[in-house]
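The structure under discussion appears below in the form of structure tokens.
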Amino acid sequence: MAFHRITYHPTYRFATVHNYGCTFRCPICSYKLRSGADGRPGHAHPRPERFLAVEEIRAALRSVAPEKVYFMGGEPTVAAELPELLAFARDELKARTYLGHTNGSKLPLANLNGANVGLKAWDEAVHLAYTGRPRQPIFDNFAAAFRAGLEMKANVVYVPGLVDLDQVEAVAAWLAELSCDIPFHVMGYIPVPGQPYARPSSEQMDEAVRLCRKHLTHVAASHLTSQEALDLSARDDRFQVQRIA
Ligand code: SF4
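The numbering used here numbers the first residue of the sequence shown as 6 and each following residue consecutively.
Here it is as structure tokens:
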């Protein structure tokens with residue numbers, strides 16, 4: 006079991022099933038903002054007090070009948086029960102299903118409508134330094150999911166000194182080879198404990214967006230401070246959710 010919390014947004018009628026754990030060990034993982042982890046592998050995510058049984062998850066989702074179900078938190082595909090919950094959401098709830106955030110290591114999946122993939126870097130050496138994993142399987146999985154007809158989105162964290170502008174632009178250019186209409190989000194790095202990198206400036210973020218817009222039609226950006234990242238509901242009503250399990 007890896008899912009430990011479910012939230013629901015009654016206005017937008019989406020539920021989010023939150024996972025614990027990830028297959029990557031990114032030193033700059035933003036989960037460290039909450040856990041205060043010190044950068045040791047495997048310590049980025051705060052461990053939940055308890056996990057939900059599959060029947061609890063089914064009951065909670067049935068109680069709200071969401072139109073969309075998102076699975077996220079760390080890397081949601083580490084949850085062994087994900088395939089049966091995707092099938093449940095599609096077959097019984099008639100909901101659309103998404104990976105709200107994924108590192109792309111297990112795509113495509115049956116009964117999945119779409120995914121938002123964090124593409125970490127373009128160069129193999131940078132990707133390895135960032136994630137500990139090779140880049141090619143991730144990009145291949147993204148392309149396979151796109152070609153299978155999933156609604157695909159991508160994002161990248163711009164980290165001056167680690168994931169520089171050349172990396173960000175190369176990822177955007179690669180996406181454009183699939184389709185220039187794939188939504189792409191550039192996130193400014195939010196400094197986490199124990200890492201040497203600085204938050205990009207506003208000018209650096211503008212340049213990152215400008216470079217990506219050379220290739221892609223739908224480029225958005227966020228440039229949050231640590232404090233803003235810890236309270237997203239103050240900035241976006243989609244985060245004003247109710248806990249249902
Ligand atoms: S893939 Fe995402 S959730 Fe997993 S360690 Fe890296 S940044 Fe954190």
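We treat Cβ as the ideally placed atom computed from N, Cα and C, and that holds for glycine.
Burial state of residue i, where buried means 16 or more other Cβ atoms lie within 10 Å
i: Lys219; result: exposed
i: His223; result: exposed
i: Thr102; result: buried
i: Leu235; result: exposed
i: Lys158; result: buried
i: Glu80; result: buried
Member of the options whose CA lies at the smallest distance from the CA of residue i
i: Glu129; options: Glu86, Val214, Tyr75 and Val176; result: Val176
i: Arg204; options: Ser227, His190 and Pro142; result: Ser227
i: Val173; options: Leu221, Ala92 and Met6; result: Leu221
Pairwise C-alpha distance: residue j and residue i
i: Ser238; j: Asp145; result: 34 Å
i: Gly123; j: Asn160; result: 5 Å
i: Val74; j: Thr136; result: 27 Å
i: Cys185; j: Asn116; result: 25 Å
i: His23; j: Phe8; result: 5 Å
i: Pro12; j: Glu61; result: What sits at residue 12 in the sequence shown is Thr, not Pro. So the alpha carbons of these two residues sit roughly 13 Å apart.
Per DSSP, the bridge partner or partners of residue i
i: Phe19; result: His14 and Lys73
i: Thr107; result: Val122
i: Ala159; result: Val122 and Phe189
i: Val164; result: Val168
i: Arg63; result: In DSSP, Arg63 forms no bridge with anything.
i: Phe8; result: Asn24
i: Thr102; result: Val74
Span of the alpha helix (DSSP H) around residue i
i: Asn146; result: Gln141 to Arg152
i: His132; result: Glu129 to Thr136
Start and end residues, beta strand (DSSP E) containing residue i
i: Glu226; result: In the sequence on display, residue 226 carries Ala and not Glu. Start and end: Val224 to Ser227.
i: Phe189; result: Phe189 to Gly193
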